[in-house]
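**Q**
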Amino acid sequence: MDYNRLKRLSYMSKRMFIIESVCKKRSVDLEYLFGLFNLYNKNNSGRWFWQKASFTGPLKKAYDDFNKIVDDMAREIKKIDEAGFLSRIEEAVEPLDKLLTGMEMNCGVNRDNDIEHVKGFLDNNLKGLINDSMRPFRDQ
């Protein structure tokens with residue numbers, strides 16, 4: 002990773018790179034994470050198409066904690082050095098783990114056995130967003 006190059010990329014690319022870096026620490030890829038979000042939404046949304054699922058209780062706290070760390074890192078990336086960045090990635094592992102575990106329990110998913118099933122819930126819009134956001138890192 003060229004850390005100085007990372008600092009110059011778009012906010013969305015920085016954010017996606019940060020999420021992917023944290024996911025790698027848990028041996029999970031982005032497609033699994035976002036597929037799990039879609040599966041959670043499918044299982045917990047209301048009867049009508051506009052009634053999206055929302056997190057509650059400990060799952061909401063885990064989501065908010067993880068999202069805040071990722072958001073803060075993406076905004077402050079120009080102010081921290083690479084060692085600080087890597088340290089912050091480590092800080093985000095526990096909130097991500099709580100988020101993943103909570104969604105997996107809610108959806109009755111076993112990560113070891115259901116990875117491909119969960120990835121199947123990733124829609125083309127999110128797949129495109131991931132690919133577009135991560136393109137600068139894959140072109141290196």
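Count the sequence shown with the numbering used here and you get residues 2 to 141, in order.
Using N, Cα and C, we set each Cβ at its ideal position, and we do this for glycine too.
Remember, predicted model here, so these are calculated numbers, not experimental data.
(1) If you follow the alpha helix (DSSP H) that Lys79 is in, where does it begin and where does it stop?
(2) Once the 5 residues before and after Tyr33 are set aside, which same chain residues still bring their CB inside 7 Å of it?
(3) Kindly list the residues whose CB is nearer than 6 Å to the CB of Ile131, restricted to its own chain and excluding five residues on each side of it in sequence; keep chain order.
(4) Closer than 7 Å by C-beta to Ala93: which residues in its own chain qualify, once you throw out the five before and the five after it? Chain order, please.
(5) Considering Cα atoms alone, identify which of Glu83, Phe138, Ile19 is closest to Asp73.
(6) Closer than 8 Å is the cut-off here; do at least three beta carbon pairs connect the stretch 38-46 with the stretch 93-109?
(7) Using a threshold of 8 Å, state whether the C-beta atoms of Lys26 and Ile81 are closer than that.
(8) Would you mind reading off the limits of the alpha helix (DSSP H) that contains Leu37?
(9) Let's test the definition: count the other Cβ atoms within 10 Å of the Cβ of Lys61 and tell me whether it reaches 16, buried, or not, exposed.
(10) Return the chain-ordered list of same chain residues with a C-beta closer than 7 Å to the C-beta of Ala63, the five sequence neighbours on each side being excluded.
(11) Residues in its own chain within less than 6 Å of Asn44 by CB, not counting five upstream and five downstream?
(12) Report all residues from its chain with a CB closer than 6 Å to the CB of Ser14; omit the five preceding and five following residues, and keep chain order.
(13) So, at 6 Å on beta carbons, what are the nonlocal neighbours of Met17 in its own chain, with the 5 sequence-adjacent residues on each side left out?
(14) If you follow the alpha helix (DSSP H) that Leu127 is in, where does it begin and where does it stop?
(15) DSSP three-state call for Phe56: helix, strand or coil?
**A** Here's the rundown:
(1) Taking the sequence shown and counting its residues from 1, one reaches residue 79 at position 78. The continuous stretches of alpha helix (DSSP H) do not include Lys79, and DSSP gives it neither H nor E.
(2) Within the sequence shown, numbered from 1, the residue matching residue 33 stands at position 32. The answer, listed in chain order, is Ile116, Val119, Lys120.
(3) Here the question's residue 131 lines up with position 130 in the sequence shown. Cβ within range, chain order: Leu31.
(4) Numbered from its first residue, the sequence shown carries residue 93 at position 92. Val23, Phe67, Ile70, Val71, listed in sequence order.
(5) On the sequence shown, position 72 is the one that residue 73 refers to. Ranking Glu83, Phe138, Ile19 by CA distance to the CA of Asp73 puts Ile19 first.
(6) Because the criterion of three Cβ pairs below 8 Å is met, the stretch 38-46 and the stretch 93-109 touch.
(7) Your numbering for residue 26 matches position 25 in the sequence shown. Your numbering for residue 81 matches position 80 in the sequence shown. Pairing Lys26 with Ile81 gives a Cβ-Cβ distance that is not under 8 Å.
(8) Counting from 1 along the sequence shown, the entry for residue 37 is found at position 36. Where Leu37 is concerned, the enclosing alpha helix (DSSP H) stretches over 31-45.
(9) As a first step, residue 61 is located in the sequence shown; it is residue number 60 there, counting from the start. Lys61 comes out exposed.
(10) Translated into the one-based positions of the sequence shown, residue 63 becomes position 62. Same-chain partners within the cutoff: Pro96, Lys99, Leu100, Gly103.
(11) Position 43 of the sequence shown, counting from 1, holds the residue named residue 44. Cβ neighbours of Asn44 beyond the five flanking positions: Cys108.
(12) Mapped onto the sequence shown, residue 14 falls at position 13. Only Ser134, Pro137 meet the Cβ criterion.
(13) To locate residue 17, count along the sequence shown from 1; it is residue 16. Excluding positions up to five away in sequence, the list reads Ser134, Met135.
(14) In the sequence shown, counting from the first residue as 1, residue 127 sits at position 126. Note, Leu127: alpha helix (DSSP H), 125-139.
(15) For the purposes of this step, residue 56 is identified with residue 55 of the sequence shown, where counting begins at 1. In this structure, Phe56 counts as coil in the three-state DSSP scheme.
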